[in-house]
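Protein chains in written order, with the numbering used here: chain A, 11 to 360; chain B, -15 to 372; chain C, 91 to 169.
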C-alpha cells in the first residue's frame, strides 16, 4: 500500500462539482474554495493558513540551495506512486544531493478543465504524505486552469529551498581518480514500472516505481562518510546520463562493472524483452555517490541500514584514464563505452 | 543444478574464458588473418554490449553483414508508409525503429541539404502514426478503431514475417492492411560472395531466423569456401560458434554446423514454414542501396491480397511524390556498411556529422544498425585502456 | 534475426496461446507455431510469439557440443 493512502485526512472540496471548471482558476470564489478546502487544508503549513501573497519563512542559516522541477507525466498514477509524489520527491532530492537540508517547497498546478477532483485530491494527499516523509513543508503555491484538451489532466511544478550546513561541499569538482562509486539500490525500476502502464503494454508486475524522497538516506550517508565527494540523483536517462554528465570535460573517467549493478528481476526480464538497457531507464529514488576509497564501506553500510538503501552496492570507480569517458567493464574482462542516451527508449523492432 | 537452457549458463564467465583460450589457439594454428561475418543486427548489438571483440585475437576480424531489416528496407516502402500516414482516416502502425528512418522524399527547411522525410516527420505534419511492438498489436489497433484504416508497416526478416503470416491466416479485421516490406536473408548470402571486395572465410548464421528456416538453405556457402556455424545470442553461444568456424578452417573441413542446437533444428520449424508459404510467396525485392535480389521478398498470395496496402490504397499511392534519386543521403555509406564492405569508421561522416541525434541513414537510426551499435558501444576505437 | 528469450509456460489458454512467466508477471504468447505446449514447457519467444520449444535434453546436447569445441574433438555431423 502506498504511503499516500495511509495518513492525511483532508476536508473534501466542495461537493458542487466532481471535475475542475475554468472558474476554479479565475481567482474568484471557486478558486478560493479550491485553495482553502483542498490545498491549504491538506498541506496544512503555517504560511498557507494565512494565505498571503508570499510565504514568510524562518531562515535556519547556511548556504541556500534552490531547485525547481516541472512534471508533465503520463500516466498520472503508476505502480508505487503518482505525479504528486514525484513532484515532491524530485525537488527534495535535487536539493539533498547538493548536501542541502530541504525545508520548504512551493507547488503550482496547471489543471485541465474536466479533470477529476477526486483524482486531484488523491494527488494532493500523496504530496502531503511525501512531504511529511521528507520532513518538509509545502508553504505556497498557485493554481491555474486551462481549457479541455490543452493539458494532460494536471501539470505540477515544485520549487524548493534547502540549507547547506557549514563545511559541506559536494560536487563533481571534488571527484578524483580512485574514488569509489555507489548506488543505493536497483536501477531502472521507475522506467519499467511506468512503461508497464502505458497504452499498448499490458504487464502486471510486482515491480513498483522507486519514487521516494532521499534526504534522510543522504543525511545518513554524510554522517557515516563525511568525506563524500559527490552525489547526483539518477532520473531520466538513467545511470548512463548521470555518469556522462559527471565526466564531461573532466580530467577523469568513470568505470562501472555491469555485473555489480543491482537490477530487479522484473527489470532484467522486461528490459531484455523490450530491448531497453536498464542503465538508460528512468529512476526516481536512486543516487550515484562518489566517496573516497577509505569511506566507501561506511557509506555502503549506512545505506544498507536505511529502508531506501537495502540493496545499495559499490558499482565502480573513478579512473585517471580514459578521461571524459564513462565505460562499462564486463564480467568477461572486456570494456565498452557507456554512451550518453539520445532519446526516449522505444521498444526495438526485434 | 540449474536447468541447462537458462540464459545464465550461457553467460558464464568461466566458460567464456575457456572458449576465448580455444579461439586464440585455433587462430594461431590457422596462422593467417581470418574474417568472419555475421548477418544479424542483434549479433552486432550483443558484440557491443558485452565487448566481445575485446576477447578475440588480433588476427580474427568479426564483420557485420546485412543484418538490419530496417537498414535494407527500400525507400519505396518508407515513402508509401509516409503517404499513407498523411492520408485522412488512416492510422499507420509501425515498429518503433522505423519511425525515424528517412526515405527518399525531401524534407524542406533543414539546414543540412538532402534531408529526407521519415514517419516522425509525417507525424509532425499531422499524420496519425503509432508505434507497436508486434503485428498482433497492430491488428488490435484495427479492432479498436473500426472507423479507421489501420496500415501495418510490416518490416523485418524471416522471424518477424512468420508472425504476420500466422496472424493473417487466423483472421484480421477488414480495416487492416500491411505494407509488404519483409525481407528474406538467405538469397542475399548467394549475392555476397560475388561482390568485389568480399573476403570472408566464415559466417555466423542467425540464431532465431534459422530456428524458423532451418540451416539447409545455407549449404551453398561451404561449397564456395565459407565455414558456417549457427549462433545464439549469449556470449557463450557467440564464442562457441566462432570456435566452430575456426575449427572447420583449421581442419579444412567446411560445413554448416548447428552450434545453437538447443533452439535450432536443422530442418527448421516446418509448421511455421508451411503457414508462411500459405500466406506469402517469394518475389524480387530491392535492398536499399544494394540491388534487386530475386526470391528475397514476401508478397501476399491471391487469397490474402486484399490485405495488401499497395492494392487497397492504389489510388493514393499512384500519386507520385518528389523523391531523391540517391538511395541514401549524400555522404552516407550505409549500403557499404550493410554489406560488410566498409566499417562504420571507414565512413567520413560517422560519429562526426552522423550521430544518433542527427543520423544520415538507417544504419545510424536503427538499433539494429551497425553504425548505431558502433556509436553506442564505442566500437572501432582502440581497445579501451584503463589507468586507475 | 532478433533476440528470442526462453520463458516458462505457466498456463495454457487454448490450442494456440498461453501465458509465459516473465519476471513476477505473465505475458501473453502466441504458441500456434509450436506443437503441443504444456505447462512447464520452455518456449523461445520473439515479439509475442513462440518460435521453438526448448528442452532440457536439447540444452544438454548443446552444452556437450560446446565442450567438444574446447577439447578440440571434431564435432559430430548434425542431422
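Ideal Cβ placement from N, Cα and C applies to all residues, glycine included. Small disclaimer: the values here were computed from a predicted structure and weren't measured.
Under the three-state DSSP convention, the category residue i falls into
| i | result |
| --- | --- |
| residue 257 of chain B | helix |
| residue 295 of chain A | coil |
| residue 274 of chain A | coil |
| residue 63 of chain A | coil |
| residue -15 of chain B | Caution applies to residue -15 of chain B, whose pLDDT of 47 falls short of 50 and renders its modelled position unreliable; the value that the coordinates give is listed next. Reduced to three states, the DSSP call for residue -15 of chain B is coil. |
| residue 42 of chain A | helix |
| residue 197 of chain B | helix |
| residue 288 of chain A | coil |
| residue 310 of chain B | coil |
| residue -1 of chain B | helix |
| residue 283 of chain B | strand |
| residue 151 of chain A | strand |
| residue 158 of chain C | helix |
| residue 33 of chain A | helix |
| residue 380 of chain B | The first residue shown for chain B is -15 and the last is 372, placing residue 380 of chain B beyond what the model contains. |
| residue 331 of chain A | strand |
CB contact below 8 Å: residue i versus chain C
| i | result |
| --- | --- |
| residue 139 of chain B | no |
| residue 255 of chain A | no |
| residue 188 of chain B | no |
| residue 224 of chain B | yes |
| residue 6 of chain B | yes |
Residue i at chain A interface by Cβ criterion, 8 Å
| i | result |
| --- | --- |
| residue 95 of chain C | yes |
| residue 206 of chain B | no |
| residue -15 of chain B | Since pLDDT at residue -15 of chain B reaches only 47, below the 50 mark, its modelled position is unreliable, and the value read off the structure follows with that caveat. It does not; no Cβ of chain A falls within 8 Å. |
| residue 128 of chain B | no |
| residue 38 of chain B | yes |
Cβ-based neighbour list, residue i, same chain, cut-off 6 Å, excluding 5 preceding and 5 following
| i | result |
| --- | --- |
| residue 119 of chain C | 108, 110, 135, 140 |
| residue 145 of chain B | 166, 282 |
| residue 381 of chain A | The first residue shown for chain A is 11 and the last is 360, placing residue 381 of chain A beyond what the model contains. |
| residue 118 of chain A | 151, 152, 167 |
| residue 343 of chain B | 349 |
| residue 229 of chain B | 20, 186, 211, 213 |
| residue 345 of chain A | 337, 339 |
Chain B within 8 Å of residue i, Cβ atoms only
| i | result |
| --- | --- |
| residue 156 of chain C | yes |
| residue 337 of chain A | yes |
| residue 344 of chain A | yes |
| residue 285 of chain A | yes |
| residue 260 of chain A | no |
| residue 103 of chain C | no |
| residue 188 of chain A | yes |
| residue 134 of chain C | yes |
| residue 341 of chain A | yes |
Residues that residue i contacts on chain C, provided the C-beta gap is smaller than 9 Å
| i | result |
| --- | --- |
| residue 245 of chain B | 148, 149, 151, 152, 155, 168 |
Span separating the alpha-carbon of residue i from that of residue j
| i | j | result |
| --- | --- | --- |
| residue 304 of chain A | residue 369 of chain B | 25 Å |
| residue 209 of chain A | residue 50 of chain B | For residue 209 of chain A, the predicted model reports a pLDDT of 48, less than 50, meaning its position is unreliable; a value from the coordinates is still stated below. The alpha-carbon atoms of residue 209 of chain A and residue 50 of chain B are separated by roughly 33 Å. |
| residue 271 of chain A | residue 152 of chain C | 30 Å |
| residue 112 of chain B | residue 143 of chain C | 38 Å |
| residue 183 of chain B | residue 177 of chain B | 8 Å |
| residue 122 of chain C | residue 309 of chain B | 43 Å |
| residue 72 of chain A | residue 183 of chain A | 21 Å |
| residue 266 of chain A | residue 362 of chain B | 15 Å |
| residue 235 of chain A | residue 301 of chain A | 8 Å |
Beta-carbon neighbours of residue i, restricted to chain C and to distances below 8 Å
| i | result |
| --- | --- |
| residue 253 of chain B | 123, 124, 141, 142 |
| residue 2 of chain B | 160 |
Partners in chain A for residue i, counting only beta-carbon separations shorter than 7 Å
| i | result |
| --- | --- |
| residue 112 of chain C | 279, 280, 283 |
Where residue i meets chain B, residues with beta-carbon distance less than 7 Å
| i | result |
| --- | --- |
| residue 352 of chain A | 340, 341 |
Chain-ordered chain B contacts of residue i [CB-CB under 9 Å]
| i | result |
| --- | --- |
| residue 138 of chain C | 117, 118, 119, 120, 121, 147 |
| residue 349 of chain A | 340, 359, 360, 361, 362 |
Within chain A, partners of residue i - CB distance below 9 Å
| i | result |
| --- | --- |
| residue 115 of chain C | 206, 213, 214, 215, 216, 217, 276, 279, 280 |
Neighbourhood of residue i by C-beta distance below 8 Å, restricted to the same chain and skipping five residues each side
| i | result |
| --- | --- |
| residue 41 of chain A | 33, 34, 35, 153 |
| residue 17 of chain B | 43, 44, 45 |
| residue 313 of chain B | 86, 98, 99, 100, 344, 345 |
| residue 150 of chain B | 256, 259 |
| residue 97 of chain A | 79, 81, 117, 137, 166, 167, 168 |
| residue 53 of chain B | 25, 139, 140, 141, 144, 166, 167, 352 |
Spatial neighbours of residue i in its chain, beta-carbon cut-off 7 Å, leaving aside the 5 residues before and after
| i | result |
| --- | --- |
| residue 278 of chain B | 171, 268 |
| residue 104 of chain B | 83, 84 |
| residue 155 of chain B | none |
Within chain A, partners of residue i - CB distance below 8 Å
| i | result |
| --- | --- |
| residue 369 of chain B | 331, 332 |
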